[in-house]
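Read the structure below first, then the notes.
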Amino acid sequence: MKKNIAVIRGDGIGPEIVNEAIKVLDAVAKKYGHTFEYTDADMGGCAIDKYGDPLPQHELDKCLNADSVLLGAVGGPKWDSVPGNMRPEKGLLRIRAGMGVYSNNRPAKIWPQLADASPLKPEIVEKGIDFIIVRELIGGIYFGEHRTFEDGERVSEDVMRYSESEIERIGRIGFETARKRRKKLCSVEKSNVLDTSRLWKSVIHRLAEEYPDVELSDMLVDNCAMQIVKNPAQFDVIVTENMFGDILSDEASMITGSIGMIPSSSLGAGSNGLYEPIHGSAPDIAGTDAANPIGTILSAAMMLRFSFDMPREADDIEEAVGKVLSGGFRTGDIMQSGMKKVKCSEMGSLIAQAVSEI
Ligand code: NAD
12 MKKNIAVIRG DGIGPEIVNE AIKVLDAVAK KYGHTFEYTD ADMGGCAIDK YGDPLPQHEL
72 DKCLNADSVL LGAVGGPKWD SVPGNMRPEK GLLRIRAGMG VYSNNRPAKI WPQLADASPL
132 KPEIVEKGID FIIVRELIGG IYFGEHRTFE DGERVSEDVM RYSESEIERI GRIGFETARK
192 RRKKLCSVEK SNVLDTSRLW KSVIHRLAEE YPDVELSDML VDNCAMQIVK NPAQFDVIVT
252 ENMFGDILSD EASMITGSIG MIPSSSLGAG SNGLYEPIHG SAPDIAGTDA ANPIGTILSA
312 AMMLRFSFDM PREADDIEEA VGKVLSGGFR TGDIMQSGMK KVKCSEMGSL IAQAVSEI
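See below:
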């Protein structure tokens, strides 16, 4: 099969981790006789430097014309002082909206080889951590009107808005995802305070009638934040709106040990998806070949599974990551005593090699 992948290397560690994911994709292509072509697109700080814009239309077009998009990370202190609408992160919001990817899917799963790295008590980790957060990605407060004005003093407001159809399409992804797993869906909102949450809850309950095989529960977001650290084993699939999902998914990533291990996929109505690790550009270790590329490599595996319908190839990558971890290899962020510390580039090569040997 031939696929064109738009590659956004971005800033900080972005180029380093994306290189390693490409190494692994090339190993998959060689093994299975696929052709992956890569089209570089600029986004984030590097695009601001080059074009004065975090995502010019011509770079977005490269992504829209590709079969899928692999993204490293964007941003860094160099661009902290640029005006709000020109910040590197605006590129992220723009690409999500431009591609119409309304559903972000982040697994929170503990690798048995890294169970010690979880900050939770062993008796909690032993019960298992294996859930997915399905987050609405292009609506809510991040996309509402933002303004700051004078009213005797400075006042700011950010508008949170959701329509029934926006809730219904993400709700469906939640139910469908649960259906393919342990058939438990937890809908998270703040319906004791917010109108948007009351609408959310009513739409999700209406949808539940179409999914009698899925067990639906409701949880307030503040309780959910507590339950993720107290009893994460209770969760299978969590579905929630944009800002709650942003915060909860970062919390969920922490309990699994390292932010460097976690992939994500963002999908809309078509098969062209956006695949990226959940972490940022890690400016503190950029350029030192010390980053963990596994989150990006597992994002590439998700791309093969969800956008290219290549489940065997995706399984190979996930198995290869497990093999390399079981072989005792670790990047600095997941280093444990008795293990062998490797650089970002070595980790990528080891996983690529393991793919070809499976
Ligand atoms: P960060 O995720 O970049 O880093 C947090 C900590 O985790 C740092 O100590 C970093 O070294 C470490 N870390 C992150 N990824 C790692 C990896 N793969 N391997 C090893 N260690 C890793 O978050 P931050 O420091 O808050 O943000 C840095 C920049 O990234 C900011 O400009 C922020 O806006 C941006 N950011 C971008 C994205 C994105 O591109 N999707 C997401 C979040 C933050």
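Numbering (the numbering used here), first residue to last: 12 to 369.
Glycine included, C-beta positions come from ideal geometry on N, C-alpha and C.
* Asked: Can D257 be considered in contact with the ligand NAD, in the sense that its beta carbon sits closer than 7 Å to one or more heavy atoms?
  -> no
* Pull up the distance between the alpha-carbon of H157 and that of G256, whole angstroms please. => Taking the straight line joining both Cα atoms gives about 20 Å.
* Is it the case that the Cβ atoms of P65 and G23 are separated by a distance below 8 Å? -> no
* To do: Report yes if the C-beta of I184 is less than 7 Å from at least one heavy atom of the ligand NAD; otherwise report no.
  => no
* To do: Can you grab the Cα-Cα spacing for the pair D127 / L336, in whole Å?
  => Computed Cα separation, rounded: 13 Å.
* Excluding the 5 residues preceding and the 5 following E200 in the sequence, name in chain order all residues of the same chain whose CB lies nearer than 6 Å to its CB. => S208, W211, K212
* How big is the Cα-Cα spacing for N76 and P118? -> 27 Å
* Neighbourhood of C74 by C-beta, 7 Å cutoff - its chain only, sequence neighbours within 5 removed -> A17, A52, V80, I106, M110
* **Where the alpha helix (DSSP H) containing G256 begins and where it ends** => 253–266
* Under a three-way DSSP split, which group does A52 fall into? -> coil
* Taking Cβ positions, are V366 and I328 nearer each other than 8 Å? -> Their beta carbons are under 8 Å apart, which means V366 touches I328 by this criterion.
* Per DSSP, G343 is paired with what? -> Per DSSP, none; premise fails for G343.
* **S348 - DSSP class collapsed to helix/strand/coil** => In this structure, DSSP gives S348 a state outside helix and strand, which the three-state scheme calls coil.
* Rounded C-alpha distance that separates D326 from W122 -> 15 Å
* Burial state of K191, where buried means 16 or more other Cβ atoms lie within 10 Å -> exposed
* **Short Cβ contact (8 Å threshold) for G284 with V112** => yes
* What number of angstroms, rounded off, separates the C-alpha of G56 from the C-alpha of R98? -> Cα-Cα distance, rounded: 8 Å.
* To do: Return the residue from the list E31, N15, R183 that minimises the CA-CA distance to L361.
  => E31
* Quick one: does the C-beta of N234 sit closer than 7 Å to a heavy atom of the ligand NAD? -> no
* When you compare only the Cα positions, how much space is there between V29 and E164? -> Answer to the nearest angstrom: the Cα atoms are 46 Å apart.
* With respect to the beta strand (DSSP E) encompassing K195, which residues constitute its N-terminal and C-terminal limits? -> 195–200
* Asked: What number of angstroms, rounded off, separates the C-alpha of G349 from the C-alpha of F319?
  -> Each residue's alpha carbon lies about 38 Å from the other.
* To do: Tell me whether the beta-carbon of K14 lies closer than 8 Å to the beta-carbon of D78.
  => yes
* Residue from Y43, T251, M314, I19 with nearest C-alpha to R183 -> T251
* For T342 versus N303, is the C-beta spacing smaller than 8 Å? -> yes
* On the three-state DSSP scale, how would you describe P274? -> Strand at P274.
* To do: Counting only the same chain and skipping the five closest in sequence on each side, list residues whose C-beta sits under 7 Å from that of I296.
  => I24, A302
* **Counted within 10 angstroms of its Cβ, other Cβ atoms place P223 as buried (16 or more) or exposed** => exposed
* In three-state terms, what does DSSP make of S337? -> helix
* Keeping to the same chain, check which residues put their C-beta closer than 7 Å to that of G87; ignore five residues upstream and five downstream. => D22, G23, G56, S292, P294
* Could you name each continuous beta strand (DSSP E) segment of 3 residues or more that falls completely within the stretch 43–93, going from the start of the chain to the end? => 46–51, 79–84
* Asked: Can you name, in chain order, every residue of its own chain whose Cβ lies under 6 Å from the Cβ of L278, other than the five neighbours on each side?
  -> Within the same chain, L278 has close Cβ partners V112, S114, G284.
* To do: Give the single residue among S269, E226, V170, K42 whose Cα lies nearest to the Cα of Q124.
  => S269
* **Continuous beta strand (DSSP E) stretch holding F160: start and end** => 157–161
* Would you say S310 and S275 are within 8 Å of each other, going by their C-beta atoms? -> yes
* Asked: What three-state label does DSSP hand V332 in the structure shown?
  -> helix
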